[in-house]
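Enquirer:
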Amino acid sequence: MKVNPKEDKNLQKSLEAQRKQTRRLAYTGLLFALTLTFSYLESFLPPLGPFPLKYGLANTPIILAILDSGLPLALVLTLLKSAFALATRGAMAALLSLAGGLAAALIMWLADRTSIGKISLYLLSAVGALSHNTGQLGVLLVLYGENMQVFLLGLFPLLLILALASAWITAILTHLILKNIPTDFESSKK
């Protein structure tokens with residue numbers, strides 16, 4: 005049986021598109037599994053600071069998505085992370101996760117896209133942590149209004165310091181993951 009070269013090229017293109025789609029799905033699943041794992045592990049750690057603040061480990065896969073795949077995957081992971089918060093910790097946790105996550109994903113993506121040269125992992129993580137805290141604080145100010153305004157705004161400097169500290173942890177974790185992802189495990193961007 006003689007194979008038509010045009011059909012062979014079409015078949016090869018089709019197979020490559022399927023492989024790329026499969027890699028994209030596997031990569032998304034891996035990042036979401038990491039998000040859930042880090043979120044679960046964080047629940048065992050003591051709070052960061054005097055309030056029930058988390059370390060931001062579950063934001064590591066969102067940084068990975070921004071670096072490797074872009075904003076759409078980062079937004080999908082943010083929505084999935086918020087849905088997980090809704091299922092495990094309730095509506096307020098989900099709302100805070102969504103507000104902080106969307107702010108962080110958008111600002112990190114902008115920082116990555118507009119930086120001259122390659123942005124450092126720490127700077128990207130710090131921008132994300134600061135944006136995340138700011139997004140959450142914005143929601144709390146809207147929900148609680150003037151009753152809590154002085155208290156919440158008084159907390160902001162402490163939140164900034166803790167965000168910068170947690171950014172170091174997230175940046176180190178992101179670096180370790182990037183260093184250990186197999187080179188043949190391609191993302192959706194490539």
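So the sequence shown is numbered by the working numbering: it starts at 5 and just counts up by one. Don't be surprised by glycine CBs; every beta carbon is placed ideally from N, CA and C. This structure is a prediction, so every number in the text was calculated from the model and none was measured.
If contacts are defined as beta-carbon pairs under 8 Å, then Ile-67 and Thr-174 qualify, I think. What distance do you get, rounded to the angstrom?
Expert: With a Cβ gap of about 7 Å, Ile-67 and Thr-174 count as contacting.
Enquirer: Hey, would you say Ser-135 sits closer than 7 Å to Ala-108, going by beta carbons?
Expert: The answer is yes: Cβ separation under 7 Å.
Enquirer: Just tell me which of Leu-35, Thr-41, Lys-58 and Ser-47 has its CA closest to the CA of Gln-140.
Expert: Selected option, being the one with the closest Cα: Lys-58.
Enquirer: Going along the chain, which residues of its own chain have a beta-carbon closer than 6 Å to the beta-carbon of Gly-104, five neighbours each way excluded?
Expert: If we look at Gly-104 and ignore the five residues flanking it on each side, its Cβ neighbours are His-136, Gly-139 and Gln-140.
Enquirer: How would you write the range of the alpha helix (DSSP H) that Pro-76 sits in, first residue to last?
Expert: 75-93 is the extent of the alpha helix (DSSP H) around Pro-76.
Enquirer: From Leu-145, Gly-132, Glu-150 and Arg-23, pick the residue whose C-alpha is nearest to that of Ala-78; which is it?
Expert: Taking only the C-alpha atoms, the option nearest Ala-78 is Gly-132.
Enquirer: Give me the residue from Pro-56, Lys-24 and Lys-85 with the minimum Cα distance to Thr-41.
Expert: Selected option, being the one with the closest Cα: Lys-85.
Enquirer: If you draw a straight line from the C-alpha of Leu-147 to the C-alpha of Met-96, how long is it?
Expert: Computed Cα separation, rounded: 10 Å.
Enquirer: Any idea what DSSP makes of Gly-121, helix, strand or coil?
Expert: Three-state result, Gly-121: coil.
Enquirer: Leu-145 and Leu-156 look like a contact to me (Cβ under 8 Å); what is the Cβ gap, rounded to whole Å?
Expert: With a Cβ gap of about 6 Å, Leu-145 and Leu-156 count as contacting.
Enquirer: Identify, in the order they occur along the chain, each residue of the same chain with its Cβ nearer than 6 Å to the Cβ of Leu-177, setting aside the five sequence neighbours on each side.
Expert: Closer than 6 Å at Cβ, skipping near neighbours: Thr-64.
Enquirer: Measure the C-alpha to C-alpha separation of Leu-125 and His-179 and round it to an integer number of angstroms.
Expert: For Leu-125 and His-179, the distance between alpha carbons rounds to 7 Å.
Enquirer: Can you tell me whether Pro-186 is helix, strand or coil according to DSSP?
Expert: Three-state result, Pro-186: coil.
Enquirer: Three-state secondary structure (DSSP) at Gly-149?
Expert: Gly-149: helix per DSSP, three-state reduction.
Enquirer: Please report the Cβ distance between Leu-195 and Phe-36, rounded to the nearest whole angstrom; I am assuming they are in contact, meaning their Cβ atoms lie under 8 Å.
Expert: The structure shown does not extend to residue 195, since the chain spans only 5 to 194, so no value can be given for it.
Enquirer: Please go through the stretch 11-78 and give each complete beta strand (DSSP E) segment of 3 or more residues, from N-terminal end onward.
Expert: Listed in chain order, there is nothing to give.
Enquirer: Quick one: Cα of Ile-153 to Cα of Thr-118, how far?
Expert: According to the sequence shown, residue 153 is Gln rather than Ile. Answer to the nearest angstrom: the Cα atoms are 33 Å apart.
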